[in-house]
Amino acid sequence: MARTLEKAVGSTLAFFHGAVVRVFGPTQRPCVSMLFGIAAACSGKQEPCPPGSIRAADGLCHLNESMDSGAPDLEDDLVSITSSLSPLPALPPSPTNAYADDPAAIEFGHALFYEPSLSPSGEFPCVSCHDPEITFTDGNLTGEGNGVVARNALSIVDAEYYDWHLWDGGCDTIWCQATIPIEAAAEMDANRVELARTIYQNDTLRGDYEAIFGAMPPMDDPRFPEKAKPEPLTPDTPMHDAWESMTDGDKDAVNRVFANLAKSLESFQRTIVSSPSRFDQFAEAIAGGDRSGGGHMTEAELRGFALYSGKAGCIQCHSGPFFTNQDFANTGLGARSWLDQIDTGRIEAAEDIYENTFSGVGPYSDDVAYAESFLDGLASVDSQLGQFRVATLRNLEKTAPYMHGGHFETLAEVLSFYNELDEDVFQGERDPRLQPLGLSGDELADLEAFLLALEGGPVDPALTMPPSR
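So for the sequence shown, the working numbering puts the first residue at 1; every next one is plus one.
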């Protein structure tokens, strides 16, 4: 075991000393202007570069050519490598949501997550696409609610740690994201006026809401339409006409209710977090001076770790404690028969945030200045065509199928894709960092074994069922 670990570390160090890497630390926000190719100054805390490298003017870590070329200290570098990937950090704040950690809002959001009436049919509560039994996903190629959704349902485990939400990053907060499936015709198919009335007419839900946010608008007043929501892309619909018939004051009152419901859902989702994986236990042992890693990983997993950090270069994009650089990439996936909609990815969503009423810079944000600082420099550029989120690699065991369109049924298929890169790119251009890996069958099996060692334990069982009322 010790020889396997030493060999793994040697391979890992070779990668760190010969490749361009950027590792985001537990509390670091990525520089948005860097991510989108815009020449703008960046600020904020940056974690140290990996051993043997320095931060250059482009904000990335590069090989330090001036360093002594002698072999690095194995112990020091092993600690540095594993500590860049573990432990799980503390939960970050959510400045745009003043109720993010309010116990009453958490409990209310818990109830809403399982509440069937959020969907007019009663068939599609949030949990219908985020099943706790399969790591809060739905197991389908793409989401299925009132209709068929264009993308795979993302797990909401650890969602609060991510800077962007939705596959294209079209929201900058969870509460922004929570509003979208509620009103999407193919998902829950609700509308904000009817939803506000549903809460108002339910004594328990209304009592919970008003205890946190104050009195609701009188949704039984006939001045409120039966159903209404803004649909600016299809302005001739009855739903949009009904929305436009409302006064600005009533629109604001309903929007405020909708935002508060979404903030409560975020408050609950902040409690759905990973527990440590065997890799985290391994990293903790390494940090404590145990060169064997405490025996927490098998020899195959250690060989996979070496490939991940070295020869395969996965860590170039899947870095940091959640095994994602929080960026977007075009992996060059080909067409699939069930993906019949043109999906351009990040290029459109990058500017949609500014137009979203419920984004961090919108009128219902509790800290617009924070969101403006975070979004500074964000814009669409041509290279974003076909880009989607670099997904976390934690908790993969139960979240198949994989990729934004459910392209692959198994991890083995995902790894085979990266090994060959033989699909014709459907949208845009493949990220030039991606080259065929050329790994053997045994190496692919070892890499898969390592990825499965990132599986955390179960979330708090109390979160996997409706709250007792």
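Glycine included, each C-beta is placed from N, C-alpha and C at the ideal position.
Treat the numbers as computed from the prediction; the structure is a model and nothing was measured.
Counting pairs of beta carbons, one from the region 275-291 and one from the region 453-467, are three or more of them closer than 8 Å? yes
Taking Cβ positions, are Ala-400 and Glu-409 nearer each other than 7 Å? As a first step, residue 400 is located in the sequence shown; it is residue number 400 there, counting from the start. As a first step, residue 409 is located in the sequence shown; it is residue number 409 there, counting from the start. Taking 7 Å as the Cβ cut-off, Ala-400 and Glu-409 qualify as a contacting pair.
First through last residue of the alpha helix (DSSP H) which encompasses Met-239: Here residue 239 corresponds to residue number 239 of the sequence shown, with the count starting at 1. Counting along the chain, the alpha helix (DSSP H) containing Met-239 begins and ends at 238-244.
Going by alpha carbons, who is nearest to Leu-411 out of Ala-449, Leu-421 and Asp-424? Taking the first residue of the sequence shown as position 1, residue 411 is located at position 411. Minimum Cα distance to Leu-411 is reached at Ala-449.
Just the Cα atoms here: how many angstroms apart are Arg-270 and Ala-100? As a first step, residue 270 is located in the sequence shown; it is residue number 270 there, counting from the start. As a first step, residue 100 is located in the sequence shown; it is residue number 100 there, counting from the start. Rounded to whole angstroms, Arg-270 to Ala-100 spans 8 Å at the Cα level.
Report all residues from its chain with a CB closer than 6 Å to the CB of Gly-122; omit the five preceding and five following residues, and keep chain order. By 1-based counting over the sequence shown, the position of residue 122 is 122. Once the five neighbours on either side are set aside, the close Cβ partners of Gly-122 are Pro-116.
Under the three-state DSSP convention, the category His-110 falls into: Position 110 of the sequence shown, counted from the start, is the residue given in the question as residue 110. Three-state DSSP puts His-110 in a helix.
Pro-461 (DSSP reduced to helix, strand or coil): Residue 461 sits at position 461 when you count from the first residue of the sequence shown. It is helical.
For Glu-210, which residues in the same chain have their Cβ closer than 8 Å to its Cβ, ignoring the five residues on either side in sequence? Here residue 210 refers to the residue found at position 210 of the sequence shown. If we look at Glu-210 and ignore the five residues flanking it on each side, its Cβ neighbours are Met-216.
Note down, in chain order, each residue of its chain lying with its Cβ closer than 7 Å to the Cβ of Lys-478, except the 5 sequence neighbours on either side. The shown model of the chain, from 1 to 469, leaves out residue 478, and the question about it has no answer.
DSSP-derived helix/strand/coil call for Thr-389: Walking along the sequence shown from the start, residue 389 turns up at place 389. Per the sequence shown, residue 389 should be read as Arg rather than Thr. In this structure, Arg-389 counts as strand in the three-state DSSP scheme.
Roughly how many angstroms separate the alpha carbons of Asn-395 and Glu-160, rounded to a whole number? Here residue 395 refers to the residue found at position 395 when the sequence shown is read from its first residue. Here residue 160 refers to the residue found at position 160 when the sequence shown is read from its first residue. Each residue's alpha carbon lies about 15 Å from the other.
8 Å contact criterion, which Leu-378 and Val-361 should meet: CB distance rounded: The sequence position of residue 378 within the sequence shown is 378, counting from 1. The sequence position of residue 361 within the sequence shown is 361, counting from 1. With a Cβ gap of about 10 Å, Leu-378 and Val-361 do not count as contacting.
Given that a residue counts as buried once 16 or more other Cβ atoms are within 10 Å of its Cβ, and exposed if not, what is Thr-234? If you number the sequence shown from 1, residue 234 lands on position 234. So Thr-234 counts as exposed.
Alpha carbon to alpha carbon, how far is Glu-301 from Pro-87? Stepping through the sequence shown from its first residue, residue 301 is reached at position 301. Stepping through the sequence shown from its first residue, residue 87 is reached at position 87. Rounded to whole angstroms, Glu-301 to Pro-87 spans 18 Å at the Cα level.
Could you pull the DSSP bridge partners for Gly-169 from this structure? Taking the sequence shown and counting its residues from 1, one reaches residue 169 at position 169. Paired residue(s): none; Gly-169 is not in a bridge.
Quick check on the burial criterion: 16 or more other C-beta atoms within 10 angstroms. Buried or exposed for Gln-387? Within the sequence shown, the letter at position 387 stands for residue 387. Classification of Gln-387: buried, given that the 10 Å Cβ count is 16 or more.
Buried or exposed by the 16-neighbour rule on C-beta atoms within 10 Å, applied to Trp-164: For the purposes of this step, residue 164 is identified with residue 164 of the sequence shown, where counting begins at 1. Classification of Trp-164: buried, given that the 10 Å Cβ count is 16 or more.
Cutting at 8 Å between CB atoms, please list the residues of its own chain near Ala-190, excluding the five before and the five after it. Along the sequence shown, read from residue 1 onward, the residue named residue 190 stands at position 190. Contacts found: Leu-118, Ser-119, Pro-120, Ile-182 and Glu-183.
Can you look up Thr-82 in the DSSP assignment and give me helix, strand or coil? Numbered from 1 along the sequence shown, position 82 holds the residue referred to as residue 82. Residue state, collapsed to three classes: helix.
Does the beta-carbon distance from Asn-419 to Leu-437 come in below 7 Å? Along the sequence shown, one-based indexing puts residue 419 at 419. Along the sequence shown, one-based indexing puts residue 437 at 437. Cβ distance < 7 Å, so Asn-419 and Leu-437 count as in contact.
Tell me, please, which residues DSSP counts as bridged to Glu-144. The count along the sequence shown starts at 1 and reaches residue 144 at position 144. Paired residue(s): Val-148.
Terminal residues of the continuous alpha helix (DSSP H) containing Phe-136? Taking the sequence shown and counting its residues from 1, the one referred to as residue 136 is at position 136. That residue, Phe-136, is in no alpha helix (DSSP H); it is neither H nor E in DSSP.
Which residues in the same chain as Glu-266 place their Cβ atom closer than 8 Å to its Cβ, once the five residues preceding and following it in sequence are excluded? Translated into the one-based positions of the sequence shown, residue 266 becomes position 266. So the list reads Ser-94, Asn-97, Ala-100, Gly-109, Glu-160, Thr-173, Ile-174, Trp-175 and Ala-178, once near-sequence residues are dropped.
Do the CB positions of Thr-137 and Arg-151 come within less than 7 Å of each other? As a working mapping, residue 137 is identified with position 137 in the sequence shown. As a working mapping, residue 151 is identified with position 151 in the sequence shown. In this structure, Arg-151 does not lie closer than 7 Å to Thr-137 by Cβ.
Other residues of its chain near Gly-304: CB distance less than 6 Å, five sequence neighbours each side excluded: On the sequence shown, position 304 is the one that residue 304 refers to. Same-chain partners within the cutoff: Asp-446, Leu-447, Ala-449 and Phe-450.
Let me confirm a value: Glu-244 is counted as buried when at least 16 other C-beta atoms fall within 10 Å, else exposed. Which label applies? Indexing the sequence shown from 1 puts residue 244 at position 244. Burial call: exposed.
Distance, Ser-468 Cα to Gly-441 Cα: As a position in the sequence shown, residue 441 is number 441, starting the count at 1. As a position in the sequence shown, residue 468 is number 468, starting the count at 1. Near 49 Å, if we compare the C-alpha coordinates of Ser-468 and Gly-441.
Decide if Pro-432 is buried, meaning its Cβ has at least 16 other Cβ atoms within 10 Å, or exposed. Translated into the one-based positions of the sequence shown, residue 432 becomes position 432. Per the 10 Å Cβ criterion, exposed.
Taking the alpha helix (DSSP H) that Gly-316 falls in, what are its first and last residues? For this step, residue 316 is matched to residue 316 along the sequence shown. Per the sequence shown, residue 316 should be read as Gln rather than Gly. Per DSSP, Gln-316 belongs to no alpha helix (DSSP H) and is neither H nor E.
From this set, Gly-345, Tyr-200 and Met-246, which residue's C-alpha is nearest Gln-427's C-alpha? As a first step, residue 427 is located in the sequence shown; it is residue number 427 there, counting from the start. If we check each option's Cα against that of Gln-427, Gly-345 comes out closest.
Using 7 Å as the threshold, is the C-beta distance between Ser-380 and Glu-351 below it? Taking the sequence shown and counting its residues from 1, the one referred to as residue 380 is at position 380. Taking the sequence shown and counting its residues from 1, the one referred to as residue 351 is at position 351. Yes; because the gap between Cβ atoms is below 7 Å, this pair is in contact.
Which residues does DSSP list as the beta-bridge partners of Ala-329? Residue mapping note: residue 329 aligns to position 329 of the sequence shown, counting from 1. Beta-bridge pairing links Ala-329 to Phe-388.
Mapping DSSP to helix, strand and coil, what is Tyr-99? Here the question's residue 99 lines up with position 99 in the sequence shown. In the structure shown, Tyr-99 sits in coil (DSSP, three-state: anything other than H, G, I, E or B).
Just verifying my parser: in three-state terms, what is the DSSP assignment at Gly-345? Position 345 of the sequence shown, counted from the first residue, corresponds to residue 345. Gly-345: strand per DSSP, three-state reduction.
According to DSSP, simplified to helix, strand and coil, what is Tyr-364? To locate residue 364, count along the sequence shown from 1; it is residue 364. In the structure shown, Tyr-364 sits in coil (DSSP, three-state: anything other than H, G, I, E or B).
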